[in-house]
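Chemist:
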Amino acid sequence: MTMKILITGASGFLGTNLCSQLETQGHELIKLNSKNCDLTQPDSLLQFNDLHYDQIYHLAAWTQAGDFCLYHPGEQWIINQQMNTNVLTWWQKHQPQAKFICMGTSCAYDPDLPLVEENYLTGMPISSLFTYAMTKRMLYAGLLALNKQYGLNYLCLVPSTLYGTGYHTDGRQMHFIFDLIRKIIRGKLYGEPVILWGDGTQSRELVFVEDFAKIAMNLAQTVNNDLINIGAGEEFPIRHFAKLICERVGYDFNDIQFDTSRYVGAKSKCLVVDKLKQSLPNFGLTPLELGLTKTIEWFWQEQEKLVPAH
Ligand SMILES: C[C@H]1O[C@H](OP(=O)(O)OP(=O)(O)OC[C@H]2O[C@@H](n3cnc4c(=O)[nH]c(N)nc43)[C@H](O)[C@@H]2O)[C@@H](O)[C@@H](O)C1=O
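In UniProt numbering, the protein residues as written are 1 to 310.
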């Protein structure tokens with residue numbers, strides 16, 4: 001069955017991948033981005049009322065990786081609250097028949113508790129990401145409220161860090177895996193020192209973006225009114241990722257320096273994925289080694305933008 005689907009954040013990293021897979025399935029897409037629809041404006045979505053959507057994917061969020069959240073909490077609160085409120089209001093008023101699928105964040109969890117769905121609204125998020133985390137908790141609170149009062153149907157997906165081809169190339173701060181690749185390639189090409197943040201023992205897990213998009217599309221068809229973690233279920237220290245990249249780029253891992261004065265964030269961040277496994281028992285993720293090889297190949301293709309000589 002082909003569907004009418006509206007997507008916010010459609011030109012972002014996940015949005016691009018998701019749209020291309022939805023298009024392959026023949027769905028009719030309305031793709032929104034910050035250029036064709038300013039979601040901070042209350043009436044910005046009214047122009048899309050002509051269609052009645054089967055699904056709305058709300059992917060847009062105002063954030064960047066690295067230490068960006070430390071320095072922009074005020075803007076993050078205002079912009080994300082405005083966007084989420086406007087999108088939810090429009091859904092309730094004009095598109096209540098649509099299934100609403102949106103993104104949570106792993107940093108909403110209290111790092112001292114197990115990262116299991118029941119704890120999403122429990123305890124305190126890590127202080128460096130507090131504001132962003134709380135806006136995502138409020139988005140989820142909005143889903144619960146609209147479901148309770150109006151019976152609207154939602155799905156909230158909580159991703160671990162995504163990686164793969166098609167990440168942004170416009171100079172915004174990068175999630176660690178892309179920054180590691182960028183720095184190690186620069187070390188290889190230009191002999192620049194490779195300086196990573198922290199002592200490299202902090203751990204993260206990765207999910208290949210194409211896998212994430214497939215999982216999201218699958219769960220959107222089968223799961224109603226729930227919040228589900230989407231992770232690999234296995235995390236590795238930053239050093240491990242750096243070693244894998246060094247092997248593929250041809251750079252000596254022993255030449256890497258670690259700056260313990262830089263942003264570290266959570267020491268560990270591995271989502272409990274029991275619910276995901278119950279919902280999709282047969283789904284296998286792209287192995288890390290393969291996903292990393294593909295991501296590095298894409299980096300080389302984008303060399304001019306991602307690792308320019310100056
Ligand atoms: C999904 C989630 O993702 C983000 O949270 P994060 O996981 O803390 O951020 P990250 O990917 O930038 O770093 C992961 C780890 O890697 C270490 N690290 C080492 N060396 C580099 C480095 O060179 N660059 C970066 N960026 N990190 C480095 C860094 O110190 C940290 O320990 C938030 O944007 C948040 O908004 C969010 O939702």
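Even glycine gets a Cβ: it sits at the ideal position worked out from N, Cα and C.
(1) Less than 8 Å separating the beta-carbons of Ala242 and Leu180?
(2) Within 7 Å: the Cβ of His175 and any heavy atom of ligand 1?
(3) CB Tyr163 to CB Leu206, shorter than 8 Å?
(4) Excluding the 5 residues preceding and the 5 following Pro237 in the sequence, name in chain order all residues of the same chain whose CB lies nearer than 8 Å to its CB.
(5) When you compare only the Cα positions, how much space is there between Phe299 and Lys93?
(6) Can you have a look at Lys269 and say buried or exposed, based on whether 16 or more other CB atoms are within 10 angstroms of its CB?
(7) Does the CB of Cys37 have a neighbour CB from chain D at under 8 Å?
(8) Run the CB neighbour count on Thr169, radius 10 Å, all protein chains shown included, and call it buried at 16 or more, exposed below.
(9) For Glu117, is the classification buried or exposed, using 16 other Cβ atoms within 10 angstroms of its Cβ as the cut-off for buried?
(10) For Asp170, verify whether its CB is less than 7 Å away from any heavy atom of ligand 1.
(11) Quick one: what does DSSP say Glu75 is sitting in, helix, strand or coil?
(12) Using C-beta distances below 7 Å, list every residue in its chain close to Thr63, excluding the 5 sequence neighbours before and after it, in chain order.
(13) Between the beta-carbon of Leu155 and the beta-carbon of Ala220, is there less than 8 Å?
(14) Along the alpha helix (DSSP H) that carries His240, what are the first and last residues, could you check?
(15) Figure out for me which residue from Leu88, Ser127, Tyr190 and Ile228 has the closest Cα to the Cα of Leu146.
(16) Just grab the DSSP bridge partners of Gln257 for me.
(17) Can you tell me whether DSSP reads Val264 as helix, strand or coil?
(18) So Leu18 is in the beta strand (DSSP E); what residue range does that whole segment cover?
(19) Does the structure place the region 263–280 close enough to the region 102–114 that three or more beta carbon pairs sit under 8 Å?
(20) Is it buried or exposed, Tyr190, if we count other Cβ atoms within 10 angstroms and call 16 or more buried?
Modeler: Taking the coordinates as given:
(1) Within the sequence shown, numbered from 1, the residue matching residue 242 stands at position 242. Within the sequence shown, numbered from 1, the residue matching residue 180 stands at position 180. Yes; because the gap between Cβ atoms is below 8 Å, this pair is in contact.
(2) Taking the first residue of the sequence shown as 1, we reach residue 175 at position 175. Yes - ligand 1 has a heavy atom lying nearer than 7 Å to the Cβ of His175.
(3) Taking the sequence shown and counting its residues from 1, the one referred to as residue 163 is at position 163. Taking the sequence shown and counting its residues from 1, the one referred to as residue 206 is at position 206. Yes, they are a contact pair.
(4) Numbered from its first residue, the sequence shown carries residue 237 at position 237. The answer, listed in chain order, is Gly200, Thr201, Gln202 and Ser203.
(5) Residue numbering aside, residue 299 sits at position 299 when the sequence shown is read from its first letter. Residue numbering aside, residue 93 sits at position 93 when the sequence shown is read from its first letter. Cα to Cα, Phe299 sits roughly 43 Å from Lys93.
(6) In the sequence shown, residue 269 corresponds to position 269, counting from 1. With 16 or more Cβ atoms within 10 Å of its Cβ, Lys269 is classed as buried.
(7) The structure shown contains no chain D; it holds only a single protein chain.
(8) Here residue 169 refers to the residue found at position 169 of the sequence shown. With fewer than 16 Cβ atoms within 10 Å of its Cβ, Thr169 is classed as exposed.
(9) Along the sequence shown, read from residue 1 onward, the residue named residue 117 stands at position 117. Looking at its Cβ environment, which holds 16 or more other Cβ atoms inside 10 Å, Glu117 is buried.
(10) Residue 170 sits at position 170 when you count from the first residue of the sequence shown. No, since every heavy atom of ligand 1 falls outside the 7 Å radius drawn around the Cβ of Asp170.
(11) Stepping through the sequence shown from its first residue, residue 75 is reached at position 75. Helix, per DSSP.
(12) Position 63 of the sequence shown holds residue 63. Cys69, Gln76 and Tyr132, listed in sequence order.
(13) Against the sequence shown, residue 155 aligns to sequence position 155. Against the sequence shown, residue 220 aligns to sequence position 220. Yes, the pair counts as a contact, with Cβ atoms nearer than the cut-off.
(14) Position 240 of the sequence shown, counted from the first residue, corresponds to residue 240. Run containing His240: Ile238 to Val249, per the alpha helix (DSSP H) assignment.
(15) Position 146 of the sequence shown holds residue 146. Among Leu88, Ser127, Tyr190 and Ile228, the Cα nearest to that of Leu146 is on Leu88.
(16) To locate residue 257, count along the sequence shown from 1; it is residue 257. Gln257 pairs with Ile195.
(17) Indexing the sequence shown from 1 puts residue 264 at position 264. Note: Val264 maps to coil in three-state DSSP.
(18) The count along the sequence shown starts at 1 and reaches residue 18 at position 18. Here Leu18 belongs to no beta strand (DSSP E); instead the alpha helix (DSSP H) covers Phe13 to Thr24.
(19) yes
(20) Position 190 of the sequence shown, counted from the start, is the residue given in the question as residue 190. By the neighbour-count rule (16 or more Cβ atoms within 10 Å), Tyr190 is not buried but exposed.
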